[in-house]
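*Asks:*
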Amino acid sequence: MSKEEMDNTAKRKLIEIACRWYDQMTGGEVPSISLPTRTKRNIEYDDESEVWKYGDRESVRSAGNAKSALHLLKMAYVIWFLKKQILENRSSTLRELYYISEGWKKAKFGAQDESNFLIEDLEILTDLQREAFHLRPEEDGATIFGPLRLKELTRRGDREIHCQDDVGEAGYQIPNNVESVDFLDHDAKFIIAIETGGMYARLIENGFDADHNAILVHLKGQPARSTRRCLNKLNEKFGIPVVVFTDGDPWSYRIYASVAYGAIKSAHMSELLATPKAQFIGVQPSDIRDYNLPSDKLTERDVAALQAELTDPRFATDYWKEQIQLQLSLNLKSEQQAFAAKGLDFVTKEYLPARLTDMGII
Amino acid sequence: MSLADELAKKQRSISVAEFFEKNKHLLGFDSPVRGIITTVKEAVDNSLDACEEAMVLPDIYIGIKKVSGEVYRIIVEDNGPGIVPDQIPYVFGKLLYGSRFHQIKQSRGQQGIGISAAVLYAQLTTGVPTTVISRTGAGSPAWRFEIQIDIESNEPEIIRREETEWDRTHGTRVQIEFRSTLAAKKRLLDYLKYTSIVNPHARIRVEMDDEAFLFERVSDEVIACPEPIQPHPHGIEIGNLKRMLAYSDDTLEDFLVNGFARVGTKTAREMCRLAGLQGDMKARTLTPGQQKSLIDAMQQVRVPAPPTTQCLSPIGETLIVQGLEKEIQMDFVSARTRPSSVYAGNPFMVEAAIGYGGKLPPEGNAQILRFANRVPLVYQQGACAITGCIAGINWKTYGISQSGLPIGPLLILVHIASTNVPFTSESKDAVASIPEIEREVTLALQDLGRELKTYLSRRDKSRLQEDRARAVCAIIPEIAAKVAEIVELPPPDISPIEGKIMRKLVTRRETRDGKVVIEVRNYTDQKGAVTLYDTSADTAEDATVKPDFSTQMEQEFTKVWQVPIEPGSVWRVEYSGSGGGSLDIRGIDQKYVVTVDLDV
Chain A
145 MSKEEMDNTA
155 KRKLIEIACR
165 WYDQMTGGEV
175 PSISLPTRTK
185 RNIEYDDESE
195 VWKYGDRESV
205 RSAGNAKSAL
215 HLLKMAYVIW
225 FLKKQILENR
235 SSTLRELYYI
245 SEGWKKAKFG
255 AQDESNFLIE
265 DLEILTDLQR
275 EAFHLRPEED
285 GATIFGPLRL
295 KELTRRGDRE
305 IHCQDDVGEA
315 GYQIPNNVES
325 VDFLDHDAKF
335 IIAIETGGMY
345 ARLIENGFDA
355 DHNAILVHLK
365 GQPARSTRRC
375 LNKLNEKFGI
385 PVVVFTDGDP
395 WSYRIYASVA
405 YGAIKSAHMS
415 ELLATPKAQF
425 IGVQPSDIRD
435 YNLPSDKLTE
445 RDVAALQAEL
455 TDPRFATDYW
465 KEQIQLQLSL
475 NLKSEQQAFA
485 AKGLDFVTKE
495 YLPARLTDMG
505 II
Chain B
2 MSLADELAKK
12 QRSISVAEFF
22 EKNKHLLGFD
32 SPVRGIITTV
42 KEAVDNSLDA
52 CEEAMVLPDI
62 YIGIKKVSGE
72 VYRIIVEDNG
82 PGIVPDQIPY
92 VFGKLLYGSR
102 FHQIKQSRGQ
112 QGIGISAAVL
122 YAQLTTGVPT
132 TVISRTGAGS
142 PAWRFEIQID
152 IESNEPEIIR
162 REETEWDRTH
172 GTRVQIEFRS
182 TLAAKKRLLD
192 YLKYTSIVNP
202 HARIRVEMDD
212 EAFLFERVSD
222 EVIACPEPIQ
232 PHPHGIEIGN
242 LKRMLAYSDD
252 TLEDFLVNGF
262 ARVGTKTARE
272 MCRLAGLQGD
282 MKARTLTPGQ
292 QKSLIDAMQQ
302 VRVPAPPTTQ
312 CLSPIGETLI
322 VQGLEKEIQM
332 DFVSARTRPS
342 SVYAGNPFMV
352 EAAIGYGGKL
362 PPEGNAQILR
372 FANRVPLVYQ
382 QGACAITGCI
392 AGINWKTYGI
402 SQSGLPIGPL
412 LILVHIASTN
422 VPFTSESKDA
432 VASIPEIERE
442 VTLALQDLGR
452 ELKTYLSRRD
462 KSRLQEDRAR
472 AVCAIIPEIA
482 AKVAEIVELP
492 PPDISPIEGK
502 IMRKLVTRRE
512 TRDGKVVIEV
522 RNYTDQKGAV
532 TLYDTSADTA
542 EDATVKPDFS
552 TQMEQEFTKV
562 WQVPIEPGSV
572 WRVEYSGSGG
582 GSLDIRGIDQ
592 KYVVTVDLDV
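Protein sequences, first through last, are from chains A and B. Each residue of the first sequence is one higher than the one before, counting from 145 in our numbering. Each residue of the second sequence is one higher than the one before, counting from 2 in our numbering.
1. Can you list, in chain order, the stretches of the alpha helix (DSSP H) that have 4 or more residues and sit fully within the stretch 466-535 of chain B?
2. Within the 7 Å Cβ cut-off, does residue 169(A) reach chain B?
3. Using a C-beta to C-beta distance shorter than 7 Å, which residues of chain B count as neighbours of residue 223(A)?
4. Run through the DSSP bridge pairs and tell me what residue 558(B) is partnered with.
5. Fully enclosed by the stretch 354-411 of chain B, which alpha helix (DSSP H) runs are 4 residues long or longer?
6. Evaluate the contact criterion for the stretch 516-528 of chain B versus the stretch 566-586 of chain B: three or more CB pairs, one atom per stretch, below 8 Å.
7. Let me see if you follow: with CB-CB separation under 7 Å, is residue 462(B) close to chain A or not?
8. So, do the stretch 186-205 of chain B and the stretch 289-309 of chain B have three or more beta carbon pairs nearer to each other than 8 Å?
9. Output the boundary residues of the alpha helix (DSSP H) element that contains residue 39(B).
10. Does the beta-carbon distance from residue 401(B) to residue 409(B) come in below 7 Å?
11. Would you say residue 307(A) faces chain B, with C-beta separation under 7 Å as the test?
12. Quick one: which residues of the stretch 199-210 of chain A get their C-beta closer than 7 Å to a C-beta of chain B? List them in chain order.
13. So, helix, strand or coil for residue 12(B), using DSSP?
14. May I have the straight-line CA-CA distance separating residue 193(B) from residue 205(B), to the nearest angstrom?
15. Residue 167(B) by DSSP, collapsed to three states: which one?
16. Runs of 4 residues minimum, wholly inside the stretch 410-495 of chain A: which ones carry the alpha helix (DSSP H) assignment?
17. For residue 213(A), return the contacting residues in chain B, with the cut-off set at a CB-CB distance below 8 Å.
18. Drop a sphere of 10 angstroms on the beta-carbon of residue 148(A), count the other beta-carbons inside from all chains shown, and report buried for 16 or more, exposed for fewer.
19. Could you check if residue 80(B) is buried or exposed, using at least 16 other CB atoms within 10 Å of its CB as the buried criterion?
20. Is the CB of residue 497(B) under 7 Å away from at least one CB in chain C?
21. Counting only C-beta atoms, is residue 196(A) closer than 7 Å to chain B at any point?
22. Using 8 Å as the threshold, is the stretch 493-511 of chain B in touch with the stretch 470-481 of chain B, meaning 3 or more CB pairs across them?
23. Nearest by alpha-carbon distance to residue 1(B): which of 537(B), 179(B) and 344(B) is it?
24. Could you have a look at residue 501(A) and say whether DSSP puts it in helix, strand or coil?
25. Could you tell me the alpha carbon to alpha carbon distance between residue 468(B) and residue 439(A), rounded to whole angstroms?
26. Going by other Cβ atoms of all chains shown within 10 Å of its Cβ, with 16 needed for buried, is residue 601(B) buried or exposed?
27. Below 6 Å, is the gap between the Cβ of residue 447(B) and the nearest heavy atom of the ligand COA?
28. Restricting to Cα atoms, I'd like to know which of 190(B), 132(B) and 527(B) is closest to residue 165(B).
29. Which stretch, first to last residue, makes up the beta strand (DSSP E) that contains residue 191(A)?
30. Looking at the unbroken beta strand (DSSP E) that takes in residue 323(A), where does it start and where does it end?
31. Helix, strand or coil, according to DSSP, for residue 212(A) in the structure here?
32. Can you check which of these residues, 94(B), 322(B), 191(B) and 180(B), is closest to residue 153(B) by C-alpha distance?
33. Check the Cβ-Cβ distances between residue 595(B) and every residue of chain A, and say whether any is below 7 Å.
34. Apart from the five residues on each side of it in sequence, which residues of its chain come closer than 6 Å, Cβ to Cβ, to residue 60(B)?
35. Taking residue 296(A) as part of the beta strand (DSSP E), name the residues at either end of that continuous run.
36. Which residues bound the beta strand (DSSP E) around residue 281(B)?
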């Protein structure tokens, strides 16, 4: 889709929402909007796309009460603003949008969470990504290092980059809008997505990418949308298997889940962002036991998070149930870097090759 | 000499006074802070009981003054019937002396320990004897006593006894000096406030540290003094029954009819039949085996509850509400008096009240007021069965949040009236867990909870309507304007939406570009006219509809219009000005009125 087509679609879909309200009001009806309920309980597995999407539960926001009326008013202001932004061919960040609302009197946002949430509502209603509204995320995408050649459309024209030969030690930085990147070819057997910078640097230093023909992706904690989109595209386009390497604690499992199954916040575009075939490589709770890794006790919050995961449909597999139960009984958690206790090469020479062989990837 | 002989030398009996000297905590004298509250409590309880017996409206004066350093002088004076001079030393100078221990009826004091314990405490801490002045009537002189307790014999020691002048025609005044502190002043005042809530017929004046407080009565009704009753056949214990039988000259049937509450000839015969005993045998002659079958039979026969109106003195729903309202400002308050009931043969009655909102603290645990026989229980709340019942109720059902105890601007009052309130200890701080009582407390509170829920949902509903009105009148027009801008069409008319949602009289004022516009839309089906008062600094000389009259006060002009309100009609006025001030509609039930002032 060309940029012009994209803009027209975005504008049309935004105005459609306003039209619906306009028609409701001229028909003597209180304006309202209905959206899927955005909770853990309302996400369902979609067999066809193999990702988790919102289910049938919907909540109606009707301007018949003050709180919802205010929500609709804010949405009207945002639509009005986005329409103008697209027409003027400008763009802004989510943070900027939040500040712009300062001048909107009643429709002013109380906190940035509120405006972010509203933009997600609009994504759901229009079936478009926020990039289509000319909204940029302010956070950086993650970095990639490995045998991959791509072409990026930059402000100074097309650039062809090899992610091993043409980049520094830190790797190639994924731009905010992955749609402007064209993946050309690769020489990789698999992609390993890594939670922490320390482990990412360890793998580069140990030459893991060269030894195993691996593409290394640094997730930087909870991965940004562009990172997830990038993993999804690489997996779709070249069929390269993806493994996710995180710390061994409940929060890290959620990082894996957002890569593999999609996040609850963005379940409306799981098809674009999730990589259902991504596999979890570690740190598994059983590794803490089997390798006797240095570990910490679980905090109350950790235990609560693990228990919440037991009721999360995305973790409702035998593998996860077993691992989470095991972790609760061990009452321990370990970081990726805990493998360093067995020597700096242990993770690249022993642990990962053994796990990858088990998983049938190498 | 054997060890047993040696030990025998040390063994001797202990006087009650001596026992309590060593176990002050049992009577509520565990700390100097508490001592002052306990003393006031005991004296006030005695005064209230005495006034009730004499059928006079209690008028109680309490004086608390620092004498020196840590010594306080406490004076409690009442207008009760007074005490005859010969009895005074015993009432104040002997532990376990009293008039109410052997009677089955509701009273504040029971064992006759309270005030003499205070006398004991005074003599232990300061050595100053207690002064008592009492007068039994206008025709009799007042007597003044100085009393101490002989600890070893638990007998009163009269230091001085003399006739004296006193300005009250009848009543008793007690003056005690002991080592204490006023650290718990607030608690003491709370105690008196609570006392005044459940004794709305009493006037209590307090002078403390040169400060004066008055808890005025709200009821001029003298409360009837409860009459003693006979024991109830249910739950009488075998020891007690044996003693009663031994003293009886009656036949078994007469013994049952005369000795027990609510037992008539028919019931007595039924009991005899069940026990396999002849009704005409002498009660005294029952063998231990027969006594056992008799007590079993007495339990099995249905007997109506004891005559509680006679032996119990409930406060009553109206007076509880009045008592609460006079001391605490609340938005909602309701009280319940449960029918009387019995535990182990003791009649009891539960009364409860729930208050909500107003000046109650909006956060934190509900305020719990516990009472037993019209006496506030201020200590050991956690150990009390009442607290247990409150925590055991699922308050969420009634729209109140809860974590253990209910949370929020809530007040819960529970009063247990009984001929024998089951306290957990002698200091009478907490009620023991008796299933029958707990059941009644729970039922009373659940009943009130349902009423509270109705109140809350009605309040929420009117809030919701208010909220809707605001949404519809203030926000929807803005949505309409913005949406029209997006779709590039003229703004839709939203008045049908207003009408649909509100069915009210909507008055809207908006000031823009130096023009004030007031609109009255009638979405109700009422006809007629209302009066619109618009007060602001604007004169409204160029109003499109001339005001019916206009008045000026300082810089404010009040413009008054008679506005016709035919169903579905719109009335409109416009004038130059800057708006502000206030807008008021009269002549229609306020629940049909929504005023939206867009200037504010």
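A virtual CB, placed ideally from N, CA and C, is assigned to each residue, including glycine.
*Replies:* If we stick to the structure as given:
1. 477-488 and 496-503
2. yes
3. 487
4. 537(B) and 553(B)
5. 386-393
6. yes
7. Residue-level contact by beta carbon fails for residue 462(B) and chain A, as no gap is shorter than 7 Å.
8. no
9. 33-55
10. Taking 7 Å as the Cβ cut-off, residue 401(B) and residue 409(B) qualify as a contacting pair.
11. no
12. 207, 208, 209 and 210
13. coil
14. Straight-line Cα distance between these residues: approximately 8 Å.
15. Residue state for residue 167(B) is assigned as coil, using DSSP reduced to three classes.
16. 414-417, 429-434, 444-454 and 462-474
17. 472, 473, 476, 477 and 480
18. exposed
19. buried
20. Here chain C cannot be found, since the structure's protein chains are A and B.
21. no
22. yes
23. Outside the shown range of chain B (2 to 601) lies residue 1(B), about which nothing can therefore be said.
24. helix
25. 53 Å
26. At residue 601(B), the pLDDT of 49 sits below 50, so the modelled position is not reliable and the matter cannot be decided from this model.
27. Of the ligands one can find in the structure shown there are none, so the ligand COA has no counterpart to examine.
28. 132(B)
29. No beta strand (DSSP E) contains residue 191(A), which DSSP labels as neither H nor E.
30. Per DSSP, residue 323(A) belongs to no beta strand (DSSP E) and is neither H nor E.
31. helix
32. 94(B)
33. no
34. 80 and 204
35. 292-298
36. Where residue 281(B) is concerned, there is no enclosing beta strand (DSSP E), given that its DSSP letter is neither H nor E.
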